[in-house]
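Asker:
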């Protein structure tokens, strides 16, 4: 399977035409999409790193092809660790479930929920939400 990975990339770095290409590649051609680091944080000093807000994605064409819904200003339960929900190559890594991934402060990761037909690879240990 081919995958598009967007890392530290807010949607506004892509032209409308590029966003349509990404959407069509996912929705029509079956490419996978991985988005790394979408935060709830405000814009600080570096707009490429700190302005990757979910509401920007939700207003983009690409969001329509996402396998999940995002809930603004809601978080998963704070805690560290993921549990495997589906044994796939995405989570088939040594000691995957032992890694201290997550947030141990008062707030967890941004809350997401898989859309119908999406495959959930992992869930947060603390609250069982889709990760």
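Residue numbers (the working numbering): 1 to 131. C-beta atoms are modelled at their ideal positions from N, C-alpha and C, and glycine is treated no differently.
Can residue 68 and residue 118 be called in contact, C-beta distance under 8 Å?
Answerer: Taking 8 Å as the Cβ cut-off, residue 68 and residue 118 qualify as a contacting pair.
Asker: Contact check, residue 66 vs residue 33 under 8 Å by CB: the rounded distance?
Answerer: Contact holds; Cβ gap of about 7 Å.
Asker: Apart from the five residues on each side of it in sequence, which residues of its chain come closer than 8 Å, Cβ to Cβ, to residue 3?
Answerer: Closer than 8 Å at Cβ, skipping near neighbours: 31, 32, 33 and 34.
Asker: DSSP on residue 124, reduced to helix/strand/coil?
Answerer: Three-state DSSP puts residue 124 in a strand.
Asker: By DSSP's criteria, residue 5 is part of a beta bridge. Which residues make up the other side?
Answerer: 34.
Asker: For residue 84, which residues in the same chain have their Cβ closer than 8 Å to its Cβ, ignoring the five residues on either side in sequence?
Answerer: Cβ neighbours of residue 84 beyond the five flanking positions: 91, 96, 97, 121 and 122.
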